[in-house]
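Colleague:
Number of protein chains: 2
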Amino acid sequence: MNEELEIKFEQLSQLFTDRKFQILREQISEIEPADIAIFIEERLDEKERIVFFRLLPKEFASDVFIEFDSDTQENLINSLTDKELKAVIDDMFLDDTVDVIDEMPANVVKRILKNSTPQDRKQINELLEYSDDSAGSLMTTEYVSFNAKNTVSEAFDKIRKTGPDKETIYTCYVTDSKKHLLGVVSVKDLLLAKPDDIVGEIMDDNVISAETFEDKEHVAMKFSKYGFIALPVVDKEGCLVGIVTVDDAVDVIQEEATEDVQKMAAILPTEKPYLKQSTWSIWKARIPWLLILMLSATFTSMILSSYEEALMIISSGVLYTFVPMLMGTAGNAGGQSSATVIRAIALDEVKFKDIFRVIWKELKASLLLALSVGVICFAKLMLIDRLFNPNVSWGVAGVVSLVLVVAIIIAKFMGCVLPLLAKKCRLDPAVVASPFITTIVDALSLIIYCALAIAFVPLL
Amino acid sequence: MNEELEIKFEQLSQLFTDRKFQILREQISEIEPADIAIFIEERLDEKERIVFFRLLPKEFASDVFIEFDSDTQENLINSLTDKELKAVIDDMFLDDTVDVIDEMPANVVKRILKNSTPQDRKQINELLEYSDDSAGSLMTTEYVSFNAKNTVSEAFDKIRKTGPDKETIYTCYVTDSKKHLLGVVSVKDLLLAKPDDIVGEIMDDNVISAETFEDKEHVAMKFSKYGFIALPVVDKEGCLVGIVTVDDAVDVIQEEATEDVQKMAAILPTEKPYLKQSTWSIWKARIPWLLILMLSATFTSMILSSYEEALMIISSGVLYTFVPMLMGTAGNAGGQSSATVIRAIALDEVKFKDIFRVIWKELKASLLLALSVGVICFAKLMLIDRLFNPNVSWGVAGVVSLVLVVAIIIAKFMGCVLPLLAKKCRLDPAVVASPFITTIVDALSLIIYCALAIAFVPLL
């Protein structure tokens, strides 16, 4: 939060406490709805929130409302009269109404639907049908469309008449009588055309569109690739059913990046901002993978147990002391590759068909990396570790370094292949990759280490 | 890549091989510039690229050009005549020209500047002055501005006259004679107003703007918070110097998310798409942290060495076998917290001043998590591990589980505090946090483990 906003918040607090509501209302209209929502949620208690919300200028209330946390939304809805609720809902865009409804309990949903116009209710119900991850769930049905035979001045008349209720007027769509999407025309095109030009002639008929069931992440990528400000959504028959606007695409991009970070860190994804998560919900998101990974470490204990006696006799146990370094380095190496590939998949830079290119690339890189790390590890063992522990012989240093080289190569191979395989099996690359890589690489490198140590160290 | 695009690419290839250039040009104009750039880079060799690029319809060439990789751009520039180059540059928006220049060697930069108009050259040089991470480097100077006294119809005249060269016409700015930013007016406002309304009266004078030196990540967050399609950039005197458009903000959001993922995975951030990175550049990005982390594991080896004899005598070495599980679990626990906090910092949800709220939140969660994991670990040790290794006594299981509880709490504390401290010291939370957490937590939990084991296991 910057200082300017901080000062404004202080003023709002003061005016609210002093009950100077007239001046307060004037102040409010000079602040962005997103910031007012932050003020209400962070600075006011539940009762004050309702009083303050009722003070909001009419045209502001719904813009502020959609910025709230779902808990705040629910509390507010329960405190509003039907008439107040209706005013808020009427001013909201349909995609936002659907987002609110998605998080509400059944009785609140009923109240919202009851207070919508019959036409809105029908469209809301249609939008609610789409799966949460689809373009359909992201879109709004409030767009501007023309007939191809309209003139430019007729188009402007329609924009002036219907524009105020539309989420964007800057990209308009041309459809036939059956709503088939024929083309797209921007307000810029319209402004630069002559009033009696025909819309069908100036429109662009190569339209990039999304399908209702398309993954919303995929839709967001189209925005980032092509730089659009809106994207039409069509059904299977090619009929225009809605549009997605860039602000929603930005939200998806942020959410997906957060989710990927969470999954890579072995956390179940949550949408709530960190400071709003309860201790209980943090526990629920983190405990599953923490336990799974802890339990899967049983393998490493079992492997170490079974080689225990042998390892202790050879070089009086010194080999044990390098196990954490070996497993840690292999884990880091695998993590580098999996994070790179998972992110490249998320950005649509890499597909399953690229698997051999990816393996080849990682193989070359991992050879170079493994050899560099192996050589330096060998030097470190002979120059530093030997000072502290005379049991670090040439043989021990050699076996440790060799296993490190092999473990890095295996880890990087797993790290690049597993996310792609997961993607192919329609599993989530980020969830599947990291934990499995750790477990497999840990077990494999330990077995190789123990086997090599027992075979070679006594001979050297 | 979807199938439709794949088919189009096949057609383009065929037409190009058959030298049916007329039909090819028609086909090209039906494909998005971003896709044509992909086609040229992925399907054509260096010589073909130049031939193909020359075939592009004039209005298309610069849109395709800016989508290329910098290597492709450099090769193309070196093959174009001055006249061709001038045509491409003239059609580019200034912020894109600056992006291209940023990646070019000095001789190519000279040629680009030589082939720009004097006015453009002056503005390009100004934009080049801004640091790479600033709003200034992101903005373009091509925006539409009005005088507050203009009427709406005068405003439209200006849009029609100057609009074609502007990056966006949908958000326009109102400035005084000294270019001070007075307000913002959208084309929607203008369309819904009467022709003789005065711009100064319908404009919104509460403008959210960025300053030239503001961090570009911060600027991008404003887009995601407020849902803008353009944001004005002002200098220290409050004069309008440029605008940032939402497509550039989307790119920044994607890049920053990728960078954070890379840093958390102990990779130096790179901007190039994965498949375009050379083996050498992958090596350079990954080797530093891989080595640093490997070398820092010297501590763990030293700690284990110094407790070696004691650990081997107690319970005949079984304590060693749980070291990987302890360190792995503590590492996972710390990683969960640091990833969560790093992402929350990136999304501006958490600031340094929230440090005590964060610590309190993590402390509660870590107690719950640590106890759950500890209890289950104890059960696992007694029920499963004991089957394989009779040396797993009540005492061993108790110490291992207790240390696990302590290690998880320490790891989560470090995981939430270090990123915030790094942020406070103006270091990068993502870079600093993960590697240090691993090293510190590994060392601490090992020392506690060894100390507790030696003190208590023999007594039990």
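So the sequences go chain by chain: A and B. Position 280 of the first sequence, counting from 1, maps to 342 under our numbering, and the rest follow consecutively. Position 287 of the second sequence, counting from 1, maps to 349 under our numbering, and the rest follow consecutively. Think of the CB as a built atom: it goes at the ideal place given N, C-alpha and C, for glycine as much as any other residue.
(1) Decide if T79 (chain B) is buried, meaning its Cβ has at least 16 other Cβ atoms within 10 Å, or exposed.
(2) Among residues of its own chain, excluding the 5 on either side of S399 (chain B), which ones have a beta-carbon nearer than 7 Å to its beta-carbon?
(3) Put L330 (chain B) into one of helix, strand or coil per three-state DSSP.
(4) E129 (chain B): buried (16+ other C-beta within 10 angstroms of its C-beta) or exposed?
(5) Between K70 (chain B) and the rest of its own chain, which residues show a CB-CB distance below 7 Å, the 5 nearest in sequence each way excluded?
(6) Quick check on DSSP: helix, strand or coil for S248 (chain B)?
(7) Going by Cα to Cα distance, which pick from B:A406, B:I375 and B:P335 is closest to P54 (chain B)?
(8) Below 6 Å CB to CB, which residues in the same chain sit around F518 (chain B) once its five sequence neighbours on both sides are set aside?
(9) In chain A, what lies closer than 7 Å to L431 (chain B) by C-beta?
(10) Using the rule of at least 16 other Cβ atoms within 10 Å of the residue's Cβ for burial, across every protein chain shown, is W351 (chain B) buried or exposed?
(11) Going along chain B in order, which residues have a C-beta closer than 9 Å to the C-beta of V435 (chain A)?
(12) To the nearest angstrom, how far is the alpha carbon of L366 (chain A) from that of D133 (chain A)?
(13) Which of helix, strand or coil does DSSP assign to E94 (chain A)?
(14) Looking at the C-beta of T213 (chain B), does it have a partner C-beta in chain A at a distance below 8 Å?
(15) Helix, strand or coil: how does DSSP classify S193 (chain B) here?
(16) Between the beta-carbon of G397 (chain A) and the beta-carbon of A328 (chain B), is there less than 8 Å?
(17) For a contact meaning CB atoms closer than 8 Å, what does L409 (chain A) contact in chain B?
(18) Taking only beta carbons into account, state which residues of the segment 279-290 of chain A come closer than 7 Å to chain B, listed in chain order.
(19) Hey, L381 (chain A) and R419 (chain B) are a contact pair by Cβ (cut 8 Å); roughly how many whole angstroms apart?
(20) Closest to M389 (chain A) by CA distance: which of A:L253, A:V467, A:L430 and A:Q316 is it?
(21) Beta-carbon within less than 6 Å of N268 (chain B)'s beta-carbon, same chain only, minus the 5 sequence neighbours each way: which residues are those?
(22) State the Cα-Cα distance for the pair P452 (chain B) and P386 (chain A), rounded to the nearest angstrom.
(23) Pop quiz: L254 (chain B) and G225 (chain A) are said to be a contact at Cβ under 8 Å. What is the actual Cβ separation, rounded to whole angstroms?
(24) Does the beta carbon of V479 (chain A) sit closer than 8 Å to a beta carbon anywhere in chain B?
(25) Applying a beta-carbon distance threshold of less than 7 Å, which residues of chain A neighbour C31 (chain B)?
(26) My guess is that I270 (chain B) and K250 (chain B) are in contact by the Cβ rule of under 8 Å, so how many angstroms apart are they, rounded?
(27) According to the Cβ coordinates, are I407 (chain B) and A432 (chain B) closer than 8 Å?
(28) Rounded to whole angstroms, how far is the Cβ of L142 (chain B) from the Cβ of F101 (chain B), which I believe are closer than 8 Å?
(29) Curious, which full-length alpha helix (DSSP H) runs of at least 4 residues does the segment 354-395 of chain A contain?
(30) When you compare the CB positions of V306 (chain A) and V296 (chain A), do they come within less than 8 Å of one another, or not?
(31) What ranges does the alpha helix (DSSP H) occupy inside the segment 237-310 of chain B, keeping only unbroken runs of at least 4 residues that lie completely in it?
(32) I'd like the list of long-range same chain contacts for T230 (chain B), defined as Cβ closer than 6 Å, with 5 residues on each side in sequence excluded.
(33) Opposite S207 (chain B) in the DSSP bridges: which residues?
(34) Among all the DSSP beta bridges, which residues are the ones paired with T213 (chain B)?
(35) Please list, in chain order, all residues of the same chain as L67 (chain A) whose beta carbon is under 7 Å from its beta carbon, the five residues on each side excluded.
(36) Taking 8 Å as the threshold (beta carbon to beta carbon), is N277 (chain B) in contact with chain A?
Modeller: Reading from the atomic positions:
(1) Residue numbering aside, residue 79 (chain B) sits at position 17 when the second sequence is read from its first letter. T79 (chain B) should be labelled exposed.
(2) Within the second sequence, residue 399 (chain B) is the residue found at index 337, counting from 1. Exclusion of the five residues before and after S399 (chain B) leaves E424, K474, G477 and C478 as the residues of its chain whose Cβ lies within less than 7 Å of its Cβ.
(3) The residue given as residue 330 (chain B) occupies position 268 in the second sequence. In the structure shown, the three-state DSSP call for L330 (chain B) is coil.
(4) Taking the second sequence and counting its residues from 1, one reaches residue 129 (chain B) at position 67. Around the beta-carbon of E129 (chain B), 16 or more other beta-carbon atoms lie within 10 Å, marking it buried.
(5) Position 8 of the second sequence holds residue 70 (chain B). Excluding positions up to five away in sequence, the list reads I93.
(6) Residue 248 (chain B) sits at position 186 when you count from the first residue of the second sequence. Correct three-state label for S248 (chain B): strand.
(7) This structure cannot settle anything about residue 54 (chain B), because the visible part of chain B is limited to 63 through 522.
(8) Here residue 518 (chain B) corresponds to residue number 456 of the second sequence, with the count starting at 1. The answer, listed in chain order, is V461.
(9) As a first step, residue 431 (chain B) must be located in the second sequence, where it is residue number 369. Going along chain A in sequence order, the residues near L431 (chain B) (Cβ under 7 Å) are W345, R348, I349 and L352.
(10) Numbered from 1 along the second sequence, position 289 holds the residue referred to as residue 351 (chain B). The residue in question, W351 (chain B), is buried, as its Cβ has 16 or more Cβ neighbours within 10 Å.
(11) To locate residue 435 (chain A), count along the first sequence from 1; it is residue 373. By Cβ distance, chain B contributes I349, L352, L353 and M356.
(12) Walking along the first sequence from the start, residue 366 (chain A) turns up at place 304. Walking along the first sequence from the start, residue 133 (chain A) turns up at place 71. Between L366 (chain A) and D133 (chain A), the alpha-carbon positions lie close to 50 Å from each other.
(13) Position 32 of the first sequence, counted from the first residue, corresponds to residue 94 (chain A). Coil at E94 (chain A), not helix or strand.
(14) Your numbering for residue 213 (chain B) matches position 151 in the second sequence. No, its Cβ sits nowhere closer than 8 Å to a Cβ of chain A.
(15) Sequence index remark: in the second sequence, residue 193 (chain B) carries index 131 (1-based). Looking at S193 (chain B) - three-state DSSP - the assignment turns out to be coil, as it is neither helix nor strand.
(16) By one-based count along the first sequence, residue 397 (chain A) stands at place 335. By one-based count along the second sequence, residue 328 (chain B) stands at place 266. The beta carbons of G397 (chain A) and A328 (chain B) sit closer together than 8 Å.
(17) For the purposes of this step, residue 409 (chain A) is taken as the residue at position 347 of the first sequence. Those within 8 Å of L409 (chain A) in chain B are Q316, T320 and P335.
(18) From the segment 279-290 of chain A, only F285, S286, K287, Y288 and G289 have a Cβ closer than 7 Å to chain B.
(19) Taking the first sequence and counting its residues from 1, the one referred to as residue 381 (chain A) is at position 319. Taking the second sequence and counting its residues from 1, the one referred to as residue 419 (chain B) is at position 357. With a beta-carbon spacing of about 46 Å, L381 (chain A) and R419 (chain B) fall beyond the 8 Å limit used to define contacts.
(20) One-based indexing of the first sequence puts residue 389 (chain A) at position 327. Minimum Cα distance to M389 (chain A) is reached at A:V467.
(21) As a position in the second sequence, residue 268 (chain B) is number 206, starting the count at 1. Excluding five sequence positions before and after N268 (chain B), none of the CB atoms of its chain fall closer than 6 Å to its own CB.
(22) One-based indexing of the second sequence puts residue 452 (chain B) at position 390. One-based indexing of the first sequence puts residue 386 (chain A) at position 324. Rounded to the nearest whole angstrom, the C-alpha separation of P452 (chain B) and P386 (chain A) is 24 Å.
(23) Residue mapping note: residue 254 (chain B) aligns to position 192 of the second sequence, counting from 1. Residue mapping note: residue 225 (chain A) aligns to position 163 of the first sequence, counting from 1. Sure, about 6 Å apart at Cβ, within 8 Å.
(24) One-based indexing of the first sequence puts residue 479 (chain A) at position 417. With 8 Å as the cut-off, V479 (chain A) does not count as an interface residue toward chain B.
(25) In the structure displayed, chain B extends from 63 to 522; residue 31 (chain B) sits before or after that span and is not available.
(26) For this step, residue 270 (chain B) is matched to residue 208 along the second sequence. For this step, residue 250 (chain B) is matched to residue 188 along the second sequence. Actually they do not touch by this definition, with Cβ atoms about 17 Å apart.
(27) For the purposes of this step, residue 407 (chain B) is identified with residue 345 of the second sequence, where counting begins at 1. For the purposes of this step, residue 432 (chain B) is identified with residue 370 of the second sequence, where counting begins at 1. It is not a contact, given that the beta carbons lie outside the stated cut-off.
(28) Numbered from its first residue, the second sequence carries residue 142 (chain B) at position 80. Numbered from its first residue, the second sequence carries residue 101 (chain B) at position 39. With 8 Å as the limit, L142 (chain B) and F101 (chain B) do not qualify as a contact, their Cβ atoms being about 19 Å apart.
(29) Entirely contained in the segment 354-395 of chain A, the alpha helix (DSSP H) runs reaching 4 residues are, in chain order, 360-375.
(30) As a first step, residue 306 (chain A) must be located in the first sequence, where it is residue number 244. As a first step, residue 296 (chain A) must be located in the first sequence, where it is residue number 234. In this structure, the beta-carbon distance from V306 (chain A) to V296 (chain A) does not fall below 8 Å.
(31) You should have 249-254, 261-264 and 278-288.
(32) Taking the first residue of the second sequence as position 1, residue 230 (chain B) is located at position 168. Cβ contact annotation for T230 (chain B) (same chain, cutoff 6 Å, sequence separation greater than five): A292 and T307, in chain order.
(33) On the second sequence, residue 207 (chain B) is found 145 positions in, with the first residue counted as 1. B:Y235, per the DSSP bridge assignment.
(34) The residue you call residue 213 (chain B) lines up with position 151 of the second sequence. Beta-bridge pairing links T213 (chain B) to B:I260.
(35) The residue given as residue 67 (chain A) occupies position 5 in the first sequence. Contacts found: D97.
(36) For the purposes of this step, residue 277 (chain B) is taken as residue 215 along the second sequence, with counting starting at 1. The question names Asn, yet the displayed sequence has Asp at residue 277 (chain B). So, not an interface residue.
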